[in-house]
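Asker: My questions all concern the structure below.
In the working numbering, the protein residues as written are 33 to 290.
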């Protein structure tokens with residue numbers, strides 16, 4: 033069963049006999065519309081020209097937004113979500129999902145699988161999760177947040193922020209197209225650089241020097257085709273997290289927000 037509603041009109045509902053090949057379309061409502069596909073089947077779900085909330089809870093679904101500022105939840109399954117026009121929020125949910133923002137300033141949220149997030153045009157926010165995610169901001173000034181997996185982050189055109197919050201066990205994230213001339217920046221200021229204090233400490237960039245055994249050091253090693261960025265938050269002289277930056281000159285302090 034698919035249902036839609038809007039102020040000032042009758043509730044809309046349509047059932048289909050073949051749920052696996054179901055197509056739900058919401059047309060020409062005034063206000064916000066809602067649609068849900070609760071069965072664990074492979075659905076094609078299309079929103080309206082207004083601001084839609086679409087929840088697809090199971091199956092490998094294709095979900096298409098339209099002109100409005102849509103909220104789309106892919107749920108379980110290997111889903112493909114497309115926001116198209118509007119400032120959309122799209123969440124992949126469980127499974128290996130493909131999430132595309134399209135036009136507008138979109139928020140793309142990963143699920144638990146190995147997801148692919150594409151911001152498109154606009155200033156987008158892309159959030160990695162537990163899996164090994166691929167993120168591409170596209171045009172615009174984007175924010176890309178690496179998660180716990182080994183993520184591949186591409187900012188695209190514009191001044192992009194590559195945002196990292198987590199220290200401790202995690203995969204090695206890779207930045208594919210860092211460009212300081214475009215005002216890209218690697219943001220480590222949400223990581224507490226010294227785990228032994230109660231304060232939220234900032235890192236000290238030490239260039240290519242080796243760790244000295246002091247907590248809060250951030251170093252960069254030139255590996256030829258990439259820079260290996262490493263941080264020590266507990267002062268044991270070993271890296272607690274590593275970020276690879278492909279195809280650049282030697283790292284400089286102004287690459288980072290520490």
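Built from N, CA and C at the ideal position, the CB exists for glycine as well.
Only a predicted model underlies this, so the values are computations on that prediction, with no experimental measurement involved.
When you compare the CB positions of residue 206 and residue 185, do they come within less than 9 Å of one another, or not?
Answerer: A contact, by the Cβ cut-off of 9 Å.
Asker: Any idea what DSSP makes of residue 232, helix, strand or coil?
Answerer: Residue 232 falls in the coil class under three-state DSSP.
Asker: What would DSSP say about residue 88, mapped onto helix, strand or coil?
Answerer: Here residue 88 sits in strand by DSSP.
Asker: Per DSSP, what are the beta-bridge partners of residue 166 in this structure?
Answerer: 148, 184.
Asker: Sort 140, 290, 254, 275 by Cα distance to residue 102 and report the nearest one.
Answerer: Selected option, being the one with the closest Cα: 140.
Asker: Could you name the residues that DSSP lists as bridge partners for residue 130?
Answerer: Per DSSP, 112, 148.
Asker: Starting from the C-beta of residue 268, find all residues in its chain whose C-beta is less than 6 Å away, skip the five residues before and the five after it, and write them out in chain order.
Answerer: Closer than 6 Å at Cβ, skipping near neighbours: no residue.
Asker: Below 6 Å CB to CB, which residues in the same chain sit around residue 96 once its five sequence neighbours on both sides are set aside?
Answerer: Closer than 6 Å at Cβ, skipping near neighbours: 78, 114.
Asker: Taking the runs of the beta strand (DSSP E) that are 3 residues or longer, which of them lie wholly in the segment 209–264?
Answerer: Counting whole runs of 3 or more residues, the segment 209–264 contains the beta strand (DSSP E) stretches 217–219, 249–254, 258–264.
Asker: Give the C-beta separation of residue 126 and residue 145 to the nearest angstrom, bearing in mind that I take them to be a contact with Cβ-Cβ under 8 Å.
Answerer: Indeed, because the Cβ distance is near 6 Å, the residues count as touching under 8 Å.
Asker: Need the endpoints of the beta strand (DSSP E) that residue 195 sits in, please.
Answerer: Per DSSP, residue 195 belongs to the beta strand (DSSP E) from 193–195.
Asker: On the premise that residue 91 lies in contact with residue 119, defined as a C-beta separation below 8 Å, what is that separation, rounded to the nearest angstrom?
Answerer: Rounded, the Cβ-Cβ distance is 27 Å, inconsistent with contact.
Asker: Just curious, the beta strand (DSSP E) that residue 177 is in, first and last residue?
Answerer: Start and end: 175–177.
Asker: Shortest alpha-carbon distance to residue 237 belongs to which of 245, 249, 229?
Answerer: With distances taken between Cα atoms, residue 237 lies closest to 249.
Asker: Could you give the C-beta distance for residue 175 and residue 287, rounded to a whole number, given that I count them as a contact under 8 Å?
Answerer: Not really, about 16 Å apart at Cβ, beyond 8 Å.
Asker: According to DSSP, residue 206 sits in a beta bridge with which residue or residues?
Answerer: Answer is 184, 276.
Asker: Out of 266, 157, 198, 122, state which residue places its alpha-carbon closest to the alpha-carbon of residue 226.
Answerer: Here the closest residue by C-alpha is 266.
Asker: Measure the Cβ-Cβ separation of residue 83 and residue 107 and say whether it is below 9 Å.
Answerer: Not closer than 9 Å, so no.
Asker: Please name the residue in 164, 216, 194, 212 whose C-alpha comes closest to that of residue 222.
Answerer: Ranking the options by Cα distance to residue 222, first place goes to 194.
Asker: Let me know the secondary structure DSSP gives residue 285 once reduced to three states.
Answerer: Three-state DSSP puts residue 285 in a helix.
Asker: Determine the direct distance from the alpha carbon of residue 158 to that of residue 243, and round the result to whole angstroms.
Answerer: Each residue's alpha carbon lies about 32 Å from the other.
Asker: Residue 131: which of 169, 155, 162, 278 sits nearest, CA to CA?
Answerer: Out of 169, 155, 162, 278, 169 has the C-alpha closest to the C-alpha of residue 131.
Asker: Any idea what DSSP makes of residue 80, helix, strand or coil?
Answerer: Reduced to three states, the DSSP call for residue 80 is coil.
Asker: For residue 161 and residue 123, I'd like the C-alpha separation in whole angstroms.
Answerer: Cα to Cα, residue 161 sits roughly 11 Å from residue 123.
Asker: At the level of alpha carbons, what is the spacing between residue 228 and residue 112?
Answerer: Cα to Cα, the separation comes out at about 43 Å.
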